[in-house]
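**Q** Protein sequences, first through last, are from chains A and B. Residues in the first sequence are numbered from 1 upward in steps of one, following my numbering. Residues in the second sequence are numbered from 1001 upward in steps of one, following my numbering. Beta carbons: idealized from backbone N, C-alpha and C, even for Gly.
Protein chains: 2
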Amino acid sequence: MSFAPLAALLADPTRAAFCTALLDGRAWTAGELARQAGVAPSTASEHLSRLIAGGLLVEERQGRHRYVRLAGPTVATLIEDLAGFAASTEGGGPPAPRSLREATRQSAEARARTCYDHLAGRLGVAVTDALLDHGLLTDDAGLAVTERGRAWLAAQAIELPERPGRRSGRPLVRSCLDWTERRSHLGGALGAALCRTALDRAWVERIGSGRALRVTADGDRALRELLGVRL
Amino acid sequence: MSFAPLAALLADPTRAAFCTALLDGRAWTAGELARQAGVAPSTASEHLSRLIAGGLLVEERQGRHRYVRLAGPTVATLIEDLAGFAASTEGGGPPAPRSLREATRQSAEARARTCYDHLAGRLGVAVTDALLDHGLLTDDAGLAVTERGRAWLAAQAIELPERPGRRSGRPLVRSCLDWTERRSHLGGALGAALCRTALDRAWVERIGSGRALRVTADGDRALRELLGVRL
DNA sequence: GGCTCGTTTCGGTCCCGGCCGAAGTGTTCC
DNA sequence: GGAACACTTCGGCCGGGACCGAAACGAGCC
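1) With a cut-off of 8 Å, does the C-beta of F1018 of chain B fall near any C-beta of chain A?
2) Three or more C-beta pairs closer than 8 Å, one from the stretch 78–90 of chain A and one from the stretch 174–186 of chain A: is that the case here?
3) Using the DSSP secondary-structure output, state which residues sit across from V1068 of chain B in a beta bridge.
4) Here's the rule I'm using: 16 or more other beta-carbon atoms within 10 Å means buried, otherwise exposed. How should S42 of chain A be labelled?
5) Let me confirm a value: S1002 of chain B is counted as buried when at least 16 other C-beta atoms fall within 10 Å, else exposed. Which label applies?
6) What number of angstroms, rounded off, separates the C-alpha of S1088 of chain B from the C-alpha of Y116 of chain A?
7) Go to A120 of chain A, then tell me how far its alpha helix (DSSP H) extends in each direction, as first and last residue.
8) Apart from the five residues on each side of it in sequence, which residues of its chain come closer than 7 Å, Cβ to Cβ, to G55 of chain A?
9) Tell me, please, whether the CB atom of S1049 of chain B is closer than 8 Å to any CB atom in chain A?
10) Against G1025 of chain B, what residues of chain A qualify as contacts under a CB-to-CB distance less than 7 Å, listed in chain order?
11) Quickly, what does DSSP pair A1212 of chain B with across the bridge? List them, please.
12) Measure the Cβ-Cβ separation of L1010 of chain B and A1016 of chain B and say whether it is below 8 Å.
13) Can you pull out the residues from the stretch 56–90 of chain A whose beta carbon lies closer than 9 Å to at least one beta carbon of chain B?
14) Inspect the beta-carbon positions of I79 of chain A and L6 of chain A and report whether they are closer than 8 Å.
15) Below 8 Å on C-beta distance, what does L1010 of chain B contact in chain A?
16) Three-state secondary structure (DSSP) at G228 of chain A?
17) Compare the Cα-Cα distances from E1205 of chain B to each of B:D1133, B:R1111, B:T1029, B:A1189 and report the closest residue.
18) What does DSSP give as the partner residues of C176 of chain A in its beta bridges?
19) For G191 of chain A, decide whether its Cβ has a neighbour in chain B, counting only Cβ atoms nearer than 8 Å.
20) Relative to the alpha-carbon of L1114 of chain B, which residue among B:E1032, B:G1135, B:A1192, B:D1200 has its alpha-carbon at the smallest distance?
21) Leaving out the 5 sequence neighbours to the left and right, which residues in its chain are closer than 6 Å to A198 of chain A when beta-carbon positions are compared?
22) Kindly identify the DSSP beta-bridge partner or partners of E1205 of chain B.
23) If we ignore side chains and look at the alpha-carbon of each, how far apart do R1201 of chain B and A1157 of chain B end up?
24) Check the Cβ of G54 of chain A against every Cβ in chain B and list those closer than 8 Å, keeping chain order.
25) Is V1127 of chain B helix, strand or coil when you go by DSSP?
26) Going straight from the alpha carbon of E1225 of chain B to that of R1150 of chain B, what length do you get?
27) Could you give the first and the last residue of the continuous alpha helix (DSSP H) run that contains I1052 of chain B?
28) Give me, in chain order, the residues of the same chain whose beta-carbon lies closer than 8 Å to that of E1147 of chain B; leave out the 5 immediate sequence neighbours on both sides.
29) Please tell me whether R69 of chain A and A30 of chain A are closer than 8 Å, where the distance is taken between their beta carbons.
30) Check each candidate in A:G25, A:V215, A:A217 and name the one with the smallest Cα separation from Y67 of chain A.
31) Just to confirm before moving on: does the CB-CB distance between C1195 of chain B and H1134 of chain B stay below 8 Å?
32) So F18 of chain A is in the alpha helix (DSSP H); what residue range does that whole segment cover?
33) Please state the DSSP three-state secondary structure of R1079 of chain B.
34) Just mark D218 of chain A as buried or exposed, buried being the case when its beta carbon has 16 or more other beta carbons within 10 Å.
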């Protein structure tokens, strides 16, 4: 009935840190999250149980590991919206990096990263802009795929979900506010499909264990030839 | 940086009840909210101060009353998304197709809705423009009602508050910026009177419990005949 | 069987914050 | 001026929950 219990799950700094880390769309073990958030494993375990019980996370147990990830795109957008609003009111940009490691990570993430299951950072924004410039997407009356866009996607062998956005939950395209770029980029099922394609075809690859991505030489060429994106 | 403080604002049952009540887009007094939520006035006062400090609510002080309302459509959608997710996981809500519902609701709100206690959306802007076009309102040196306007209002039997604008808090007319239309529309006591009239005479009716309005067939005719408004 | 390691459960501490009532401030009405 | 009213501030009470360390559990490895 009330949304207070749900909000309470997100109201704790440690749990919020978990959710933020999980926004990269991958599964983390309980211990990784505990270390990343700076709490004891026992504390993390309790938090995870609550988040799972609340439907925000799902778990997969493998041997002695407990992998958790966000329960779905709905959760991801909820958290993004929350973070976006918080950033817009508290005015704070990204926190000042406290170490060289941190600064490196931040600049890598600002360049290219995953935002749950789609591309974000300057790469995500550039791709979105290019799609709009080429008339593959339109922003009249809300973001939408044009006919040319559908043809282009078919030509690139990028497959879309069968019946997107009709009664079944997920919108085909969604504008996702990026709180580092302060710009919108492409989310939704199409954003996810593009990201998947980019990873499958090795246009981008993950850097380390975080959400940061590196654009490969192949990817650089592909983006330039297909979309005129120059990074 | 983190969204935890924002979520904490929404994590208290009493504050959640406030936000839910305010989702109708109207302004409530602190006392009304306290009674509605079943807490002492002093408790409500503290909650409101926190919600306002957090940017979720804005206040308008009028005499000994403290009116609060949601800070804007962004807050409204944030709360609606939270409530929607909570309903979907806790099984309380109907398994309604959320995206379609959402799209329908949004387009309905863009068409016509209440903003505090007056009309907003395309309907509100259209009515305000019509009043200006017909010389019933003037925008020279601030919005004001003309003599013709007073006569017209009297002819329509639209009654204004007895002592409008004289030291007692509320101005007769007020320009209210519409976030979605990016246009000003008519607020203040007159805006409220018009909205009240429209509801009383069944020119518009609330859709469900939200802020969206539907223009009835009667309303469509009345608006066209009285103001030349064609939607 | 022992050992390590990731995770969980439990007991205990501590602090945050929601709540109220009483008193204080400012406004309106008579 | 005085009374009623809406709201606010303050002090004090109390419960929930975040946290940790110690110990238990269970999987994998030797």
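**A** Working from what's here:
1) For this step, residue 1018 of chain B is matched to residue 18 along the second sequence. No, no contact with chain A.
2) yes
3) As a working mapping, residue 1068 of chain B is identified with position 68 in the second sequence. In the DSSP output, where bridge partners are listed per residue, V1068 of chain B has B:W1028, B:E1059.
4) Stepping through the first sequence from its first residue, residue 42 of chain A is reached at position 42. By the 10 Å Cβ count, S42 of chain A comes out exposed.
5) Position 2 of the second sequence, counted from the start, is the residue given in the question as residue 1002 of chain B. Burial of S1002 of chain B is indicated by the presence of at least 16 other C-beta atoms within 10 angstroms of its C-beta.
6) Sequence index remark: in the second sequence, residue 1088 of chain B carries index 88 (1-based). Sequence index remark: in the first sequence, residue 116 of chain A carries index 116 (1-based). Whole-angstrom Cα-Cα distance: 21 Å.
7) In the first sequence, residue 120 of chain A corresponds to position 120, counting from 1. Counting along the chain, A120 of chain A falls outside any alpha helix (DSSP H), though it belongs to the beta strand (DSSP E) covering 118–120.
8) For the purposes of this step, residue 55 of chain A is taken as the residue at position 55 of the first sequence. Shown here for G55 of chain A: same chain residues with a beta carbon closer than 7 Å to its own, the five before and five after excluded, namely A71 in chain order.
9) Taking the first residue of the second sequence as 1, we reach residue 1049 of chain B at position 49. By this cut-off, S1049 of chain B is not an interface position.
10) What you label residue 1025 of chain B is simply residue 25 of the second sequence in a count that begins at 1. G1025 of chain B does not reach chain A, its nearest Cβ partner there being about 18 Å away, counting only Cβ pairs nearer than 7 Å.
11) Translated into positions along the second sequence, residue 1212 of chain B becomes position 212. Paired residue(s): B:R1113.
12) Here residue 1010 of chain B refers to the residue found at position 10 of the second sequence. Here residue 1016 of chain B refers to the residue found at position 16 of the second sequence. The beta carbons of L1010 of chain B and A1016 of chain B sit closer together than 8 Å.
13) L56, A71, T74, V75, T77, L78, I79, D81, L82, A83, G84, F85, A86, A87, S88, T89, E90
14) One-based indexing of the first sequence puts residue 79 of chain A at position 79. One-based indexing of the first sequence puts residue 6 of chain A at position 6. No, the Cβ-Cβ distance between I79 of chain A and L6 of chain A is not below 8 Å.
15) The residue you call residue 1010 of chain B lines up with position 10 of the second sequence. Per Cβ cutoff of 8 Å: F3, A4, A7, A11.
16) Locating residue 228 of chain A in the first sequence gives position 228, where the first residue counts as 1. In the three-state DSSP reduction, G228 of chain A falls in the coil class, being neither helix nor strand.
17) The sequence position of residue 1205 of chain B within the second sequence is 205, counting from 1. Checked all of B:D1133, B:R1111, B:T1029, B:A1189; the closest Cα to E1205 of chain B is B:R1111.
18) Taking the first sequence and counting its residues from 1, one reaches residue 176 of chain A at position 176. Bridge partners of C176 of chain A: A:H185.
19) As a working note, residue 191 of chain A is residue 191 in the first sequence. No, no contact with chain B.
20) Indexing the second sequence from 1 puts residue 1114 of chain B at position 114. According to the sequence shown, residue 1114 of chain B is Thr rather than Leu. Taking only the C-alpha atoms, the option nearest T1114 of chain B is B:A1192.
21) Counting from one through the first sequence, the residue named residue 198 of chain A turns up at place 198. So the qualifying residues of the chain are V204.
22) Here residue 1205 of chain B refers to the residue found at position 205 of the second sequence. Note: E1205 of chain B sits in a beta bridge opposite B:R1214.
23) Working through the second sequence from its first residue, we reach residue 1201 of chain B at position 201. Working through the second sequence from its first residue, we reach residue 1157 of chain B at position 157. Taking the straight line from one Cα to the other gives about 11 Å.
24) As a position in the first sequence, residue 54 of chain A is number 54, starting the count at 1. Those are T1089, listed as they occur along chain B.
25) Here residue 1127 of chain B refers to the residue found at position 127 when the second sequence is read from its first residue. V1127 of chain B: helix per DSSP, three-state reduction.
26) Along the second sequence, read from residue 1 onward, the residue named residue 1225 of chain B stands at position 225. Along the second sequence, read from residue 1 onward, the residue named residue 1150 of chain B stands at position 150. Rounded to whole angstroms, E1225 of chain B to R1150 of chain B spans 18 Å at the Cα level.
27) Counted from its first residue, the second sequence places residue 1052 of chain B at position 52. Start and end: 1041–1053.
28) Taking the second sequence and counting its residues from 1, one reaches residue 1147 of chain B at position 147. Result list for E1147 of chain B: empty, nothing under 8 Å.
29) Mapped onto the first sequence, residue 69 of chain A falls at position 69. Mapped onto the first sequence, residue 30 of chain A falls at position 30. Not closer than 8 Å, so no.
30) Taking the first sequence and counting its residues from 1, the one referred to as residue 67 of chain A is at position 67. For Y67 of chain A, the nearest C-alpha among the options comes from A:G25.
31) For this step, residue 1195 of chain B is matched to residue 195 along the second sequence. For this step, residue 1134 of chain B is matched to residue 134 along the second sequence. For C1195 of chain B and H1134 of chain B, no; Cβs fall outside 8 Å.
32) Taking the first sequence and counting its residues from 1, one reaches residue 18 of chain A at position 18. Judged by DSSP secondary structure, F18 of chain A falls within the alpha helix (DSSP H) whose first and last residues are 13–22.
33) Working through the second sequence from its first residue, we reach residue 1079 of chain B at position 79. Note that residue 1079 of chain B is Ile in the sequence shown here, rather than Arg. DSSP places I1079 of chain B in helix when its eight states are reduced to three.
34) Counting from one through the first sequence, the residue named residue 218 of chain A turns up at place 218. With fewer than 16 Cβ atoms within 10 Å of its Cβ, D218 of chain A is classed as exposed.
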